[in-house]
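J.: For what it's worth, our numbering labels the leading residue of the sequence shown as 31, then goes sequentially.
Have a look at this one.
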Amino acid sequence: MTKVNWTGFSKKSPQERIEHLKKNALLTSNHLQDLQANKLLGLETANQMAENVLGTFSLPFATAPDFLINDKDYLVPMVTEEPSVVAAASFAAKIIRRSGGFQTHVHDRKMIGQVALYDVPNVKMAEQKILDSSALLLSQANEAHPSIVKRGGGARDIRVEAKEEFLIIYLTVDTQEAMGANMVNTMMEALVPTLEELSEGQALMAILSNYATESLVTSECSIDLRFLSRNKEEAQNLARKMELASRLAQVDVYRASTHNKGIFNGIDAVVMATGNDWRAIEAGCHAYASRDGQYRGLSNWIFDEEAQVLKGSLTLPMPIATRGGSIGLNPTVKIAHDLLGQPQARELAAVIVSLGLAQNFAALKALTSTGIQAGHMKLQAKSLALLAGASDSEVGQVVSQLLEAKHLNQETAQAILHKLRNIKN
Ligand code: HMG
Numbered sequence: 031m032t033k034v035n036w037t038g039f040s041k042k043s044p045q046e047r048i049e050h051l052k053k054n055a056l057l058t059s060n061h062l063q064d065l066q067a068n069k070l071l072g073l074e075t076a077n078q079m080a081e082n083v084l085g086t087f088s089l090p091f092a093t094a095p096d097f098l099i100n101d102k103d104y105l106v107p108m109v110t111e112e113p114s115v116v117a118a119a120s121f122a123a124k125i126i127r128r129s130g131g132f133q134t135h136v137h138d139r140k141m142i143g144q145v146a147l148y149d150v151p152n153v154k155m156a157e158q159k160i161l162d163s164s165a166l167l168l169s170q171a172n173e174a175h176p177s178i179v180k181r182g183g184g185a186r187d188i189r190v191e192a193k194e195e196f197l198i199i200y201l202t203v204d205t206q207e208a209m210g211a212n213m214v215n216t217m218m219e220a221l222v223p224t225l226e227e228l229s230e231g232q233a234l235m236a237i238l239s240n241y242a243t244e245s246l247v248t249s250e251c252s253i254d255l256r257f258l259s260r261n262k263e264e265a266q267n268l269a270r271k272m273e274l275a276s277r278l279a280q281v282d283v284y285r286a287s288t289h290n291k292g293i294f295n296g297i298d299a300v301v302m303a304t305g306n307d308w309r310a311i312e313a314g315c316h317a318y319a320s321r322d323g324q325y326r327g328l329s330n331w332i333f334d335e336e337a338q339v340l341k342g343s344l345t346l347p348m349p350i351a352t353r354g355g356s357i358g359l360n361p362t363v364k365i366a367h368d369l370l371g372q373p374q375a376r377e378l379a380a381v382i383v384s385l386g387l388a389q390n391f392a393a394l395k396a397l398t399s400t401g402i403q404a405g406h407m408k409l410q411a412k413s414l415a416l417l418a419g420a421s422d423s424e425v426g427q428v429v430s431q432l433l434e435a436k437h438l439n440q441e442t443a444q445a446i447l448h449k450l451r452n453i454k455n
């Protein structure tokens, strides 16, 4: 397949972008028509997805081109309200592609459920009895959700841990293409009577854990310094500073939080676009960021002086789904999966983690060179101009004056627009 040319994509209008997708056969004709007609989530479907529904709530549905992941091209759908996030992802994708793109590794793809027992009279004996009954418990879990067994998945493993006054039973489940929350919850609840009988204790709760340590995914890239800057010394200096920025996020929790927020600018945007549960992903990843007791930056950047490359890597729990939940209901979500080429869950997880790494690269590069404001504020200014009511023909002038102004806010944008219009009249 010949590579699609994405140069200037960002400068096109939404209709022209859709035409570009059409010309390059990147969407099925049904989905193209839906996009062109701006067909959004209907009220009837929305009313099935949540309770007490009054209407629907729209956000920009965008796409970041030029992602090369495991030698395959991706156009990544993103839903975000924040200016510069999609631009930054696209910018990073372009640079990383020139150095061979992203390489990913899906360590495993299983979910974990837990039953917490309390008032267990003899913890050691209960632990042993539960472990001795593993086969029975696994078959009870599978009987509670037989359809997943037919699809090749099902309960795989039982682990028991005593923590303070609790005896906790962890069940590992292969959920195939689903995120598996309902499936795992059903299985966990089905185990409660047997666990109570075996332990002679009480079950406090039975629920899926969002700390998906059995669904880790790693994305890596290795960026040739030539693509950081044409000036060798400047490129080396930048690579060094990006490594330092990554180390800062390892040692300072104030920085780690912002560092990871930048990663989630991208991750959340794709997770939302693909109809997945972004709260679950956030919760799991932030727990993973604190796995050794201190909250740390999730990505790592190392300047390899000998090879003259900047190496980046990001490992996250990514229990993402391609089936179930709202995925089959929301028309825009269906378009997102189409844009990605209908990937399987493992492939989608690899794309999402790569996007997080790209997002982090763009943010750290900006932070350690021009500062975040230069690029961010250029785009922020555009939002302010539009919010102030500037028309297409006025936006450019309002943005350039806003960037010169002392205070970049809506009030200034309105004042600039007002002045412009008064001059014209
Ligand atoms: P630039 O060098 O001015 O970009 O960077 P450019 O105008 O030379 O364009 C280069 C390419 O970038 C374009 O190629 C696009 O791919 C992309 P082209 O299409 O022209 O062939 N690009 C765009 N794509 C779509 N729409 C646009 C657009 N502009 C460029 N309007 C850029 C500009 C904003 C990319 C850069 O300054 C950047 O990456 N900045 C970082 C922005 C960022 O991280 N924003 C997130 C919000 S800030 C935050 O919340 C996170 C943070 O706190 C996290 C942390 O602290 O770690 C920062």
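Glycine included, every Cβ here is placed at the ideal spot set by N, Cα and C.
The structure displayed is predicted, hence computed values, not measured ones.
From GLU49 to ALA55, what does the alpha carbon distance come to, in whole angstroms?
T.: Taking the straight line from one Cα to the other gives about 10 Å.
J.: If you measure from the CB of PHE39, is any heavy atom of the ligand HMG nearer than 7 Å?
T.: yes
J.: Please say whether VAL383 and THR304 have beta carbons closer to each other than 8 Å?
T.: no
J.: Quick one: what's GLY405 bridged to in DSSP?
T.: The partner list for GLY405 (beta bridge, DSSP) is empty, contrary to what the question assumes.
J.: Can you tell me whether LEU340 is buried or exposed, with buried defined as 16 or more other CB within 10 angstroms of its CB?
T.: Flag for LEU340 reads buried.
J.: Could you give the first and the last residue of the continuous beta strand (DSSP E) run that contains HIS135?
T.: For HIS135, the enclosing beta strand (DSSP E) starts and ends at 133-136.
J.: Could you check where the alpha helix (DSSP H) with ALA379 kicks off and where it finishes?
T.: Here the alpha helix (DSSP H) through ALA379 covers 375-397.
J.: What are the start and end residues of the beta strand (DSSP E) that includes TYR200?
T.: 196-204 is the span of the beta strand (DSSP E), which, as asked, contains TYR200.
J.: Kindly indicate which residue of TRP36, LYS412, LEU378 has the alpha-carbon position closest to the one of VAL247.
T.: LEU378
J.: Are the CB atoms of PHE196 and ALA269 nearer to each other than 8 Å?
T.: Result no, Cβ atoms of PHE196 and ALA269 do not sit closer than 8 Å.
J.: Do SER343 and the ligand HMG come close, with the Cβ less than 7 Å from some heavy atom?
T.: no
J.: Return the CA-CA distance between PRO349 and ALA119, expressed in angstroms with no decimal places.
T.: Distance between the alpha carbons of PRO349 and ALA119: 22 Å.
J.: Can you tell me which of TRP308, THR75, GLY405 puts its alpha carbon nearest to the alpha carbon of MET209?
T.: TRP308
J.: Apply the 10 Å Cβ neighbour rule to ARG127 and answer buried if 16 or more other Cβ atoms are within range, or exposed otherwise.
T.: buried
J.: THR11 and HIS175: beta carbons closer than 8 Å?
T.: Nothing about residue 11 can be reported from this structure: the residues present for the chain run from 31 to 455 only.
J.: Return yes when the Cβ of TRP331 is within less than 8 Å of the Cβ of GLU273, no when it is not.
T.: yes
J.: Give every residue of the same chain whose Cβ lies closer than 6 Å to the Cβ of HIS324, excluding the five residues on either side of it in the sequence, and list them in chain order.
T.: Sequence inspection shows Gln at residue 324; the His mentioned does not correspond to that position. Cβ neighbours of GLN324 beyond the five flanking positions: none.
J.: Could you tell me the distance, in whole angstroms, from the CA atom of GLU46 to the CA atom of ARG376?
T.: 32 Å
J.: GLY386: which of ILE125, SER252, ALA299, VAL425 sits nearest, CA to CA?
T.: ALA299
J.: Is GLU250 closer than 8 Å to GLY130 when the C-beta atoms are compared?
T.: Going by C-beta atoms, GLY130 is not nearer than 8 Å to GLU250.
J.: May I ask whether a heavy atom of the ligand HMG can be found less than 7 Å away from the beta carbon of VAL34?
T.: Remark: the C-beta of VAL34 is outside contact range of the ligand HMG, defined as less than 7 Å to any heavy atom.
J.: State the Cα-Cα distance for the pair LYS408 and ASN77, rounded to the nearest angstrom.
T.: 38 Å
J.: When every heavy atom of the ligand HMG is checked, does at least one fall within less than 7 Å of the C-beta of VAL300?
T.: no
J.: Under 8 Å by Cβ, that's how I've got VAL106 and THR93 pegged, so tell me the actual separation to the nearest angstrom.
T.: 6 Å
J.: Can you determine whether any heavy atom of the ligand HMG sits closer than 7 Å to the C-beta of SER329, and answer yes or no?
T.: no
J.: Following the continuous alpha helix (DSSP H) through LYS16, name the residue where it begins and the one where it ends.
T.: Any answer about residue 16 is impossible in this case: the structure gives the chain only from 31 up to 455.
J.: Provide the residue span of the beta strand (DSSP E) that contains PRO107, from first to last.
T.: 102-109
J.: Of all the options VAL301, GLY371, GLN389, which has the alpha carbon lying nearest to the alpha carbon of SER329?
T.: GLN389
J.: Drop a sphere of 10 angstroms on the beta-carbon of GLY58, count the other beta-carbons inside from all chains shown, and report buried for 16 or more, exposed for fewer.
T.: The identity of residue 58 in the sequence shown is Thr, whereas the question assumes Gly. Residue environment analysis places THR58 among the exposed positions, since fewer than 16 neighbouring C-beta atoms fall within 10 angstroms of its C-beta.
J.: For ASN240, tell me which candidate among GLY143, ARG451, LEU432 has the shortest Cα-Cα distance.
T.: Per the Cα distances, GLY143.
J.: By a C-beta neighbour count over all protein chains shown, 10 Å radius and 16 as the cutoff for buried, is HIS406 buried or exposed?
T.: When all chains shown are included, HIS406 counts as buried.
J.: Confirm, please, whether the CB-CB distance from VAL190 to GLU157 is below 8 Å.
T.: yes
J.: Between LEU105 and the ligand HMG, is there a pair consisting of the residue's CB and a ligand heavy atom that are separated by less than 7 Å?
T.: The answer is no for LEU105.
J.: Kindly list the residues whose CB is nearer than 8 Å to the CB of VAL115, restricted to its own chain and excluding five residues on each side of it in sequence; keep chain order.
T.: MET108, ASN295, GLY296, ALA299, GLN389
J.: Which class does ASP422 belong to by DSSP, given the choice of helix, strand or coil?
T.: helix
J.: Under 7 Å: does the beta carbon of GLY405 sit that close to some heavy atom of the ligand HMG?
T.: yes
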